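Trainee: There's a structure below that I have some questions on.
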Amino acid sequence: MNTVYRHSRAWNVSWLFVLIGVFSLVFADLEVISLEPWQELKRLFLGLFSPDWTNASEIAQAFLQTLSFAILGVAGGSLAGFLLALVFHWRLVRVSCAFIRAIHELFWALIFLQIFGLHPLTGLLAIGLPYAATFAKIYAEILEEGDKSALQAIGHNVSTISSFFYARLPDLWAHFKTYTLYRLECGLRSSAILGFVGLPTLGYSLSSAFMEGHYSVVWALLLLFYLLIASIRYWVRPALLPVYIIAAPFIIANDSQISFENVARFFTEDIIPAPIRNGETLAETWHWFSDLFMTQALPGIANTLVLTQIALVVTGALALIMFPLISRHFFQRTGRGIGHLLLVVMRSTPEYILAYIFLQLWGPSMLPAIAALALHNGAIIGHLIGRYSTEMTLRLDAAVGLNRYFYEMVPRLYGQFLAFLFYRWEIILRESAILGILGIATLGFYIDSSIQELYFDKAMILIVITALLNVGVDALSRYLRARLRLRTSVDCGAGNDYCTAK
Amino acid sequence: MIQLQAETASYRGVKTLHDIDLHITKGEKLALVGQSGSGKSTLIKLIYDRYPVDTSLVPQDYGLVQHLSVYHNTYIGRLDQFSTWYNLVNLIRPWPDQVNKVRAILTGLQLEEHIFRPVGELSGGQKQRVAVARSLFQKGQLLLADEPVSSVDEQQSKEVLKQLMDGFSTIVLALHDIQLALAFCDRIIGLENGRIVLDRPSKSLSTQDLLSLY
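Sequence lines, in order, name chains A and B.
Going by my numbering, the first sequence opens with residue 1, and the numbers climb by one from there.
Going by my numbering, the second sequence opens with residue 503, and the numbers climb by one from there.
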């Protein structure tokens, strides 16, 4: 029989995405605007060798604030998320959580800033609320997928609380712990970034050091941040957590008061679309909406998608290039050590900070955003599939070098790789939107400008549009994963996809 | 005590039991025998489904909590006897008088030395005996056990079955070992393709009679 060689579905889908990415390049603004980008980059790098610790007390203060916001926000979020997980089978809860998750922490911060001002509640809710929604989903999954055989063997009249603590929690505890710890690490990054919108965390010190060109201070802050994240296993202990949680409220600085007048005005006036608020005609209202949609939402959506698709392809390429750095099938111990260091630094630095740095160097275009998104997410996926490849056993006479890479490794990893990449798709989109705050014309740019011009009604509509876009991409990603039968099986202690789920 | 009439049951959408008529009086000790797939496990589940109150169950997959100790897994048998707060305190700090009661049961099953080890660290046969210990601690009116000695050696099988026979008055066991069934139970139910094809006192049966089922 005469059969023709056919490529797999994954192959076709991958090239489709590459094609979309290349096509998007046509619409992307990639110009380097700054006068001497390499000179700046050199100055930045030199700062690495002379980190400046002279402002030790200021630095310590920034870190204490970052830690306190992260710990309280994540603790509150996990508690609320756990309670929500128990009723996650209610449709209303599921849909609300999906919507809340789809809005980035920084957008939440911008919203709460209007309501509470620079009160600590702004930072705590900006972390706690989206984290609660994520915790609810993952905790519900853990409860759903856990072994229920012990529950079935339990006596007939046992109270719900007793049976939960005896037959469910002990065997699920490790999963809850692993995921919550992972989210605390994310919470540290979120908390650091909140500084960029004015809260007293790391981002605040970082942006002021940058604006004054104090690269030595920038490096002092960044190095300490890496150290904090790398050592998280050692300072987060179940016995110490209550101490942190009790201490944190005393550390969080507060010199502002909530104005209830502001809170009321926000809900009853600020966010009501202007034509409705002013009782204008239907035609005028329609005009207002269509104007907002055509001049802001549409270009915002287009730019966000262009940036997302380019960044997604570059992320994938970088992950495939970088994973051998930490795989025992390609490098010896020393080589892998350097690879690990590289990947740890890239994935510990939040995209937002990376983008901020590149933007200072190259000026505002999509280039810094693409570089930031691809480096951060590429390092995460590279780390995950690199670890997976290390666990594989090759036969003794397997090929070496590029033959090994293309014939032994990539074919076996590709399914995992695509699954991780599609998981990150929605995250890259969320971040693409948020990077607009830095001046790239994605949705975040229009949201931020509306807020600065005090058009909160417009900002809210744009935020809702951003959230819907996210929910859409999430659904598409889920469809593609199901269609291609992609499933990740890297065990990050939880035996599930929790580590990349968010 | 148990009355099933013209019952059918499905397992994963496939009908596995047909026209089951079964009457069990208090004090009877039944063995269900038959090939794997003949419907023994489904019949056990069916009985549990109809008579869940005060019934001790040893399921085929043991139903143990891997990260809890042998002691706590045994204690689970009596959770409904105590208040929730008493149970929660016991989780953090075992009540000494409960430990003593559990210890007595574990001694009979040669598990006493493992009392505070997590179940996840035990061997398959040891886990099976923990599931038996849990049912003995619960001490319900009825015992339903699905192959309770499939993973322990011959000598220990007899010891475990003896404990169960002493611990419960009414018993329904799924057992693929014909000799053990004849030795320990007083009534044998033979199953084939989801139907009861044999129901006789074990005194009137020989190993040969039962082999035809296999």
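Heads up, the beta-carbon is just placed ideally off N, CA and C, and yes, glycines get one too.
Source: prediction; values computed, not measured.
Looking only at C-alpha atoms, which of 472(A), 330(A), 48(A) and 301(A) sits nearest to residue 432(A)?
Mentor: The candidate whose alpha carbon is nearest that of residue 432(A) is 301(A).
Trainee: Taking just the CA atoms, how far does residue 142(A) sit from residue 172(A)?
Mentor: Roughly 7 Å between the two C-alpha positions.
Trainee: Using a cut-off of 7 Å between C-beta atoms, extract the partners of residue 150(A) located in chain B.
Mentor: Per Cβ cutoff of 7 Å: 565, 566 and 567.
Trainee: Could you work out which residues of chain B lie near residue 165(A), taking near to mean beta carbons separated by less than 8 Å?
Mentor: Going along chain B in sequence order, the residues near residue 165(A) (Cβ under 8 Å) are 589, 590 and 593.
Trainee: For chain B, is any of its Cβ atoms less than 8 Å away from the one on residue 159(A)?
Mentor: True, the Cβ-Cβ gap to chain B drops below 8 Å.
Trainee: Please state the DSSP three-state secondary structure of residue 148(A).
Mentor: If DSSP states are grouped into helix, strand and coil, residue 148(A) belongs with coil.
Trainee: Would you kindly work out how many angstroms separate the C-alpha atoms of residue 657(B) and residue 664(B), rounded to a whole number?
Mentor: So the alpha carbons of these two residues sit roughly 11 Å apart.
Trainee: Using a cut-off of 9 Å between C-beta atoms, extract the partners of residue 561(B) located in chain A.
Mentor: Going along chain A in sequence order, the residues near residue 561(B) (Cβ under 9 Å) are 149, 152 and 153.
Trainee: Throw me the rounded Cβ distance for the residue 413(A) and residue 388(A) pair, which I believe falls under 8 Å.
Mentor: With 8 Å as the limit, residue 413(A) and residue 388(A) qualify as a contact, their Cβ atoms being about 7 Å apart.
Trainee: In chain order, what residues of the same chain lie with their CB nearer than 7 Å to the CB of residue 181(A), ignoring the 5 residues before and after it?
Mentor: Counting only Cβ-Cβ distances below 7 Å, and skipping sequence neighbours, we find 236.
Trainee: Quick one: residues in its chain with C-beta nearer than 6 Å to the C-beta of residue 434(A), no 5 flanking neighbours on either side, listed in chain order?
Mentor: Here the set comprises 104, 106 and 444.
Trainee: I'd like the ranges of any alpha helix (DSSP H) spanning at least 4 consecutive residues and lying wholly in the region 429-484 of chain A.
Mentor: Correct list: 443-452 and 456-483.
Trainee: Tell me whether the beta-carbon of residue 459(A) lies closer than 8 Å to the beta-carbon of residue 451(A).
Mentor: Contact flag set, yes.
Trainee: Let me know the secondary structure DSSP gives residue 512(B) once reduced to three states.
Mentor: Strand at residue 512(B).
Trainee: Rounded to whole angstroms, what's the CA-CA distance from residue 711(B) to residue 611(B)? Just pull it up for me.
Mentor: Spanning the two alpha carbons is a distance of roughly 32 Å.
Trainee: Quick check: what's the CA-CA separation for residue 430(A) versus residue 470(A)?
Mentor: C-alpha separation (whole angstroms): 7 Å.
Trainee: What residue range is occupied by the uninterrupted beta strand (DSSP E) comprising residue 307(A)?
Mentor: Note, residue 307(A): premise wrong, no beta strand (DSSP E); alpha helix (DSSP H) at 298-322.
Trainee: Using three-state DSSP, classify residue 557(B) as helix, strand or coil.
Mentor: Note: residue 557(B) maps to strand in three-state DSSP.
Trainee: Taking 8 Å as the threshold, find out whether the region 530-544 of chain B comes into contact with the region 663-677 of chain B through three or more Cβ pairs.
Mentor: With a cut-off of 8 Å, the region 663-677 of chain B and the region 530-544 of chain B count as touching, because enough Cβ pairs lie within range.
Trainee: Within 8 Å of any Cβ in chain E, is that where the Cβ of residue 662(B) sits?
Mentor: The chain inventory of the structure shown lacks chain E, comprising the protein chains A and B.
Trainee: At the level of alpha carbons, what is the spacing between residue 558(B) and residue 642(B)?
Mentor: Cα to Cα, the separation comes out at about 5 Å.
Trainee: So, using beta-carbon positions, are residue 715(B) and residue 684(B) closer together than 8 Å?
Mentor: Contact: no.
Trainee: Are residue 633(B) and residue 565(B) touching if we call contact CB-CB under 8 Å?
Mentor: Yes.
Trainee: Find the nearest neighbour of residue 307(A) within the set 252(A), 297(A) and 369(A), judged by alpha-carbon distance.
Mentor: Comparing Cα-Cα distances from residue 307(A) to each of 252(A), 297(A) and 369(A), the minimum goes to 369(A).
Trainee: Secondary structure at residue 229(A), three-state DSSP: helix, strand or coil?
Mentor: Residue state, collapsed to three classes: helix.
Trainee: Anything in chain B within Cβ reach of residue 242(A), meaning under 8 Å, just list it in chain order.
Mentor: Within chain B, no residue comes near residue 242(A); the closest Cβ sits about 15 Å away, beyond 8 Å.
Trainee: Give me the residue from 411(A), 380(A) and 473(A) with the minimum Cα distance to residue 392(A).
Mentor: Cα-wise, what sits closest to residue 392(A) is 411(A).
Trainee: Do you know whose CA, among 275(A), 486(A) and 219(A), lies nearest residue 52(A)'s CA?
Mentor: Cα-wise, what sits closest to residue 52(A) is 219(A).
Trainee: Quick check: the region 116-126 of chain A against the region 470-482 of chain A, are at least 3 beta-carbon pairs closer than 8 Å?
Mentor: Result no; under three Cβ-Cβ pairs closer than 8 Å.
Trainee: Just to confirm, is the Cβ distance from residue 101(A) to residue 122(A) under 8 Å?
Mentor: Cβ distance not < 8 Å, so residue 101(A) and residue 122(A) don't count as in contact.
Trainee: Would DSSP call residue 547(B) helix, strand or coil?
Mentor: Note: residue 547(B) maps to helix in three-state DSSP.
Trainee: Determine, using beta carbons only, whether residue 175(A) comes closer than 8 Å to chain B.
Mentor: It does not; no Cβ of chain B falls within 8 Å.
Trainee: Tell me whether residue 507(B) is buried or exposed, calling it buried when 16 or more other Cβ atoms sit within 10 Å of its Cβ.
Mentor: Exposed: under 16 other Cβ atoms inside 10 Å.
Trainee: Name, going along the chain, the residues of the region 634-645 of chain B whose beta-carbon falls closer than 7 Å to a beta-carbon of chain A.
Mentor: Per Cβ criterion, the list reads 640.
Trainee: Could you tell me whether the Cβ of residue 511(B) comes closer than 8 Å to any Cβ of chain A?
Mentor: No, residue 511(B) lies away from the interface with chain A (no Cβ there is under 8 Å from its Cβ).
Trainee: From this set, 549(B), 590(B), 587(B) and 613(B), which residue's C-alpha is nearest residue 648(B)'s C-alpha?
Mentor: Ranking the options by Cα distance to residue 648(B), first place goes to 549(B).
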